[in-house]
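Enquirer: Take this structure, written in structure tokens, and hold onto it; I'll ask about it next.
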Amino acid sequence: MFTFTPEDEKQIEKIVGKYPVKRSALLPLLTLVQRRDGYISPEAMKAIGGKLELSPAYVQSVMSFYTMYHTHPTGKYIILFCHNISCQLNGADDLLAYTSKKLGIDVGGTTKDKKFTLHREECLAACSGGPMMRVNDVFHENLTTAKIDKILDSLA
Amino acid sequence: MSDDNQVNITINDQPVTVPKGTLLVDAAKEVGVEIPVFCYHEKLGPFGCCRMCLVEVEKMPKLTTACTQTVMPDMVVRTESPKVVKAQQGVLEFTLLNHPLDCPVCDKGGECPLQDNTFKFGSGTTRMEFDRADNDKVTPLSPVITIDRERCIACQRCTRYSDIIEQEQALVMLNRGFKNEVHTFCDEPYATRYSGNVIDICPVGALTNTEFRFKARSWNLDNAETLCAHCGCNCNMTLGSRTNKLMRIQTRPNDLVDDGWICDKARFGYDFIESEDRLLEAGTVVGGARKKVNALDAAVQVADSLSKIVDEYGPESVGFLGSAYGTNEELYLYQKLFRSVLGTNNLDHKTYQDTPGLPIDHYDFLNVETANLVLLIGSDPAEELPILDLRIKKAVTRRGVKLAILNDQKTALDKFAELSSTYNVGADGAALSALANGLAEGGAGDESVTGISAEQMKSLVELIRSGKKVCVVYNPASLTGNSIHMLKHLLSVIGKIPDIECGAIPAAPSTNAVGAMDMGILPDFSPGGTPADKGLSAMEMIDKAESGELKALLMYRSNPVVDFPGGKRVEAALKNLNLLVVHDMMETETSQLAHIILPSNGPGYDEGTTTNIGGRVQYRRRGLNTKNLPDWKIVSKMINSLSEEPVEYITSFNVTEEISEKVPGYGEINKKSIRKEGKTREPVTSVNGSVPQVEKVNSADQGLKLRVATRLFTRDKILSTSSPLAHHFLPSTVNVHADDAAKLGFSEGDEAVLSANGAEVRAKVEISNRCNPGAVIVPMVADDQGVQGLAGGGSVSWVEVKKG
Amino acid sequence: MKILFKNIDMPGLTSLSVYEGQGGYQSFKKAFAQKPEEIVEIVKASGLRGRGGAGFPAGLKWSFLAKDVFPRYLVCNADESEPGTCKDRELLEKNPHLLIEGMILTSYACQVGTAYIYYRGEFQHAADLMDKAIEEAYAKGYLGKNIMGSGMDLDLYTHLGAGAYICGEESALLNSLEGRRGEPRLKPPFPAVEGLYAKPTVVNNVETLSAVPWIISEGAEKYAAIGTEKSKGTKLVSVSGHVKKPGNYEIVLGMSTRELIYDLAGGIRDDNKLKAFIPGGSSTPMLPADKVDVGYDYESIQAAGSMLGSGALIVMDHTVNVVEATLRLSYFYMHESCGKCTPCREGTRWMWQILGKLQAGIGTNGHVDKLLDICDNMSFKCFCPLGDAAVGPVASSIKNFRSDYEELVKKLQGGAVSV
Ligand SMILES: Cc1cc2nc3c(=O)[nH]c(=O)nc-3n(C[C@H](O)[C@H](O)[C@H](O)COP(=O)(O)O)c2cc1C
Ligand code: SF4
Ligand code: FES
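What follows is the structure, encoded as structure tokens:
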């Protein structure tokens, strides 16, 4: 069963208050749930739709358009590894392969201990700092294998 | 001549003048130029995603999409220039890139815009050398619709339909880019009331009719342009058959009626046509056993028996119970038989009170869109008149029309309403009077009686007063007791408000309810609303049958044992008759009691006219052949065997001719005038009687008031358990207000037993506040649910609700 | 000449007090003393052009707002998703108050009562910083009711997307902000007439709006005096790829690209030879090394066969086979195509499939020609400019570097690869 906590309800009220039309709160509410649960379940889609008077299908349709939403549980840390041109020119492909091997998962996979999920990502606006990756909300630039080791090993 | 609203342009060197705002794609049609389209659909509006309609417009730097570009003065358009041809070939190549080339086995073959456009505008070869995207092949989208995602060209017609027309957003695009796909929420069935229309608008074979798949090729079908016979909208449709078997039903757009759509009951609810329960033979019951007889002989026997009873007991001893499911011709002839030949005024077709004619204009469907305010009274269009439901949603969402609702139950349209007031069950008369008074002289009525607060009443009054054009849509069948008179009074009060244009639509759910009234199947009015000496109403006929004063009844396509309030009492009364004749197309609980049985052809096989709730008379064409006689022939046989002036009709249109001569309002109705879009009959004059007192709702010592709600998909004689629409059937439920649920100790999902009149109905409790406290709403979900057995008839019925 | 990056690395600049200490929020006095229309005129006169990609004059866009229709909205485009571009993020993370000030001025000029900053979803951190800055600005009375006694009310909110490049396109952005799929809208109507919630809306890039305070404080003439005749002012350029010192540089428009690469960005890595550069972000056609002297301004780059775009200079040295780079960009456009229109949805995928074949060394010259024809069938025939953007790298790489393609094709013909 999916429910919003009283704290969520407070947040939701604040978010909905930002817009003259409720529907605008859709992406923020999806994000709210995902930041809480790590992913968005069908029950959550229904509950969000209920809040905003949108059909569950509509919620799913919008959600599936955006790549940052997950429909299944993910790792505690989500790594978005940029492979776009500026990073590619500076060796991103090899570093991504290195990371994948280090974590023992394929791109798109989650480690058994549910700690890391690794995604290949399009340009994240850190081009002059490429190769780069985003781990949860934090951008890490000018990556090297040593730097990747240090970052990943430091995460609890 | 210059007209501000007209624009002159040239298309391929041909001049054309069209109204401002016309899209290029439509302007081109005016001069016979075809611009290919996929995503564009007139009813969905411009979208511009498929890029098939690119054209060249002088002074525009890029090619433009003709489906999104409106005409501008002196525009010079080319649709066949080398640039355009290259673009069209390019777009077609893209469109076909991942589309399977399986036309020979595709249901859409022969009527596929993709196939046609490829033939006309394509290059003939493909340069695709990779595996096509491997999207899912045939998957059920619902029990009646199959989706072949591999064939989808992502035109978004279907998803836009679900969004814009249905206002359901049930069918949506998931994902993005080349991964986008048409889906429902988590692949639940796409089960709206009007889902089937997506089959017709899909420009490829991606959405197909599950029943029709692989049954026949479109070009081998015999297509009859006919009407739907399920409800009072009378939507236009095409019945496709092959070797006299019904293959499929499709839309046949008529903007004046259906706006191009039909509901799923129209499209998929036809299994009754071949049902095992059909009455196909005439019969007489001798010693409890039914004996097959020739239909004409049976007709003569009916006529003789009726006339004998009249001779012996007088004309008041016989009666006719028709139904709003017959055509005007059939009903007219029966009316003639009983009124003119047998001399009785005991005719009726319904269990509620109603009078013909309106004190204000009789509005049609278009007025719903052009009004400023639609006032919906006691009506639940989604369940009763689905295509009216779509029209109201269109009016509200796309024409800026306001909607005000006055009802005893909450309905699906409430969320589209500016104001929605719920009166107490049974307080319709009081609420209507209060509103009429409020409009005429202020005041808000007694909230303790009506259930509507003074504040709400005031807002409603203001809303009506400020509507420049008001369209009242009311369902007479939902009104109790004599409330129809309060309603008509309300209409005349609205009609007298200065500076208001207004009209009404009497939105009774049954197919030909308006026609049945017009044809004089009423105890107190002969055809065309001409007052007649009062005969017995339907419920009175049941009473008199019970008391033995009524000796004979002819039931035409009516099943009172299930459909009338009273249940067992009705059955007993009918058993009491000397003669019960049932003329029907299905074996029913009532036909089981009959002494003489006559088969009726019914929709699909019959032909004749019906009059929809907007007053439009249209022709229901035969789509299938039968060896059985048409109903009108059986009735004329009865007339001829008794009358000095024999009638001679060669086709049903001869009856229509007589109607046009004899029935006020139908003077202009004839084969020619109704051929294409039908024709509105002249409104029937309304008789303005005095407004009776509001009936006092008798209160019971215990129990709750009962409101039986109509459902579109009911397990009955029309939709059987084996219907492809069976997934819409609901279990028996009772909607209880939270206050009452608390008093009765009910929680959601509890089993309840409702009892009254010695009848019992079991139902699951839904705590829903669908009505005001003090009442329950029971949707009629199946014949064998027996909910009408709880009702007493007349005004308000009370039921005892207990835990089961 | 530094306008946007004047104090960019000053510690604590994200706080209101430090920002004010650097002369921040001083433009209001001057602005509120004038009528909104006058501010529009000033920005028009400054020659400030949109920094989000299209280079449309900002003041002119503001003057297109539907007359007398309210409410109006201002939306700051902080979607920054064009490969190669990373300048807005630096502004957002290091100097949020500059943007707030610019948005207040713009709202005053355009008579806007509610403004949103639309961030790409990945900019959560930047948005959090901004929320703090906005809070401070409210507390100080720069936002909210009757700002500084001017009679002007403004609410400013942040809004995050969730991963979709197309949401940088202004009409897709508005859809996304309205809680819809980020598919672009039909134009016309343009946002200035029917934008957010179908009301008149101004959409501008972060950098564009951040330039407004300086223009108001220092005057239009001063701004217009910077740069070339038609490309006025300064521009942030994100330099990335094979340079020694990649980074965001604020330059005076018109500076030569050579200077940008070799002086500011320190030259090519390992002192390799320059082979190609993409001057304005992944959507803009790539140019060969011999165009390196082109002036970095809108007109000169266009004359050279490309576009200034969002100001993202991607540099490739001689070790690069252009086909590989093109394949990656082509994947990007396939991945980011919203799928609404046929040529873009199908064409991006088809091009990527063919490029993959070529890259794998199993393509033919016929494939190269077919690519050009697909480019032609897509160009200006898609619903929105993303389709054209997808064509840019493919068509330009074939035009300028056909030999790279032929080299791969020869592999097949030489029997190096068996099919
Ligand atoms: C596919 C596509 C992506 C775009 N992405 C961005 C973006 O990330 N940031 C941006 O400011 N403008 C972007 N734009 C341009 C916007 O549509 C719009 O022109 C701009 O935000 C207007 O602001 P400006 O006039 O200040 O440049 C994009 C345009 C297209 C067609
Ligand atoms: S299923 Fe048919 S109607 Fe729906 S998007 Fe695909 S092609 Fe269009
Ligand atoms: S019909 Fe015009 S773009 Fe589809």
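Residue numbers (our numbering), protein chains in the order written: chain A, 1 to 156; chain B, 1001 to 1804; chain C, 2001 to 2419. Glycine included, every Cβ here is placed at the ideal spot set by N, Cα and C.
Is it the case that the Cβ atoms of His1737(B) and Ile1767(B) are separated by a distance below 9 Å?
Expert: yes
Enquirer: Helix, strand or coil, according to DSSP, for Ile1153(B) in the structure here?
Expert: coil
Enquirer: Taking 9 Å as the threshold (beta carbon to beta carbon), is Ala1782(B) in contact with chain C?
Expert: no
Enquirer: Counting pairs of beta carbons, one from the region 1166 to 1178 of chain B and one from the region 1282 to 1292 of chain B, are three or more of them closer than 8 Å?
Expert: The way I'd put it, the region 1166 to 1178 of chain B doesn't touch the region 1282 to 1292 of chain B; fewer than three beta-carbon pairs between them come closer than 8 Å.
Enquirer: If I follow the unbroken beta strand (DSSP E) through Tyr1556(B), where does it start and stop?
Expert: Note, Tyr1556(B): beta strand (DSSP E), Ala1552 to Tyr1556.
Enquirer: I need the straight-line Cα distance from Met1585(B) to Gly1604(B), nearest angstrom please.
Expert: 11 Å
Enquirer: Among the candidates Gly1283(B), Gly1481(B) and Thr1139(B), whose CA atom is the shortest distance from the CA of Thr1355(B)?
Expert: Gly1481(B)
Enquirer: Thinking C-alpha only, which one of Gln2413(C), Cys2110(C), Glu2250(C) and Ile2278(C) is nearest Met2152(C)?
Expert: Cys2110(C)
Enquirer: Which same chain residues, not among the five before or five after Asp1739(B), have their C-beta less than 8 Å away from its C-beta?
Expert: Hits under 8 Å: Pro1773.
Enquirer: Just checking Lys2061(C) against ligand 4 - is the residue's beta carbon closer than 8 Å to any of the ligand's heavy atoms?
Expert: Among the ligands modelled here, namely ligand 1, ligand 2 and ligand 3, ligand 4 does not occur.
Enquirer: Could you tell me whether the Cβ of Gly2339(C) comes closer than 9 Å to any Cβ of chain B?
Expert: yes
Enquirer: Which residues mark the beginning and the end of the beta strand (DSSP E) in which Arg2328(C) is found?
Expert: Counting along the chain, Arg2328(C) falls outside any beta strand (DSSP E), though it belongs to the alpha helix (DSSP H) covering Val2322 to Glu2336.
Enquirer: What in chain B is Cβ-close to Gly2347(C), meaning under 9 Å?
Expert: Gly1090, Phe1094 and Leu1097
Enquirer: Closer than 9 Å, Cβ to Cβ, to anything on chain B: give me those residues from the region 2173 to 2204 of chain C, in chain order.
Expert: Arg2181, Gly2182, Glu2183 and Leu2186
Enquirer: Can you find a heavy atom of ligand 3 that lies under 8 Å from the Cβ of Phe1047(B)?
Expert: yes
Enquirer: For Thr2342(C), would you say it is in contact with chain B, using Cβ-to-Cβ distances shorter than 9 Å as the test?
Expert: Contact with chain B is found for Thr2342(C), since one of that chain's Cβ atoms lies less than 9 Å from the residue's Cβ.
Enquirer: Whole angstroms are fine: how far does the CA of Ala1454(B) sit from the CA of Ser1275(B)?
Expert: 52 Å
Enquirer: Buried or exposed for Gln1335(B), going by 16 or more other Cβ atoms inside 10 Å?
Expert: buried
Enquirer: Leaving out five residues before and five after Val2419(C) in sequence, what residues of the same chain have Cβ atoms less than 6 Å from its Cβ?
Expert: Reliability of the predicted coordinates at Val2419(C) is poor, the pLDDT of 45 falling under 50, and no value is obtained from them.
Enquirer: What do you reckon, are the CB atoms on Ile2301(C) and Val2292(C) nearer than 9 Å?
Expert: no
Enquirer: Leaving out five residues on either side along the sequence, give the residues of the same chain with a beta carbon under 8 Å from the beta carbon of Thr1397(B).
Expert: If the five residues before and after Thr1397(B) are omitted, its C-beta is found closer than 8 Å to the C-beta atoms of Ile1164, Gln1167 and Phe1416, all from its own chain and listed in chain order.
Enquirer: Can you confirm whether Phe2123(C), when its beta carbon is compared against all beta carbons of chain A, has any partner nearer than 9 Å?
Expert: yes
Enquirer: Measure from the C-beta of Tyr2165(C) to each C-beta in chain A and report whether the shortest distance is under 9 Å.
Expert: yes
Enquirer: Can you give me the C-alpha to C-alpha distance between Arg1090(B) and Ile2374(C), rounded to a whole angstrom?
Expert: Before going further, note that residue 1090(B) is Gly rather than Arg in the sequence given. Cα to Cα, the separation comes out at about 8 Å.
Enquirer: Measuring only from the beta carbon, is Thr1065(B) closer than 8 Å to any heavy atom that is part of ligand 3?
Expert: yes
Enquirer: Identify whether Thr1656(B) lies in helix, strand or coil by the three-state DSSP scheme.
Expert: helix
Enquirer: Just to check, is the beta-carbon of Glu2169(C) closer than 8 Å to a non-hydrogen atom of ligand 1?
Expert: Glu2169(C) Cβ: within cutoff of ligand 1.
Enquirer: Excluding five sequence neighbours on each side, which residues of the same chain lie with their C-beta closer than 6 Å to the C-beta of Glu1330(B)?
Expert: Asp1631 and Trp1632
Enquirer: Just mark His72(A) as buried or exposed, buried being the case when its beta carbon has 16 or more other beta carbons within 10 Å.
Expert: By the neighbour-count criterion, in which a residue is buried when 16 or more other Cβ atoms sit within 10 angstroms of its Cβ, His72(A) is exposed.
Enquirer: Apply the 10 Å Cβ neighbour rule to Arg2049(C) and answer buried if 16 or more other Cβ atoms are within range, or exposed otherwise.
Expert: buried
Enquirer: In terms of residue numbering, what span does the beta strand (DSSP E) encompassing Ser2310(C) cover?
Expert: Looking at the DSSP string, Ser2310(C) is not in any beta strand (DSSP E), and its letter there is neither H nor E.
Enquirer: Counting contacts by CB-CB distance shorter than 9 Å, is Phe2277(C) in contact with chain A?
Expert: no
Enquirer: Tell me the residue span of the alpha helix (DSSP H) that contains Trp2214(C).
Expert: Val2206 to Glu2218
Enquirer: Using a Cβ-Cβ distance under 9 Å, would Gln2353(C) count as near chain B?
Expert: yes
Enquirer: Where does Ser1722(B) land, buried or exposed, given buried means 16+ other C-beta within 10 angstroms?
Expert: exposed
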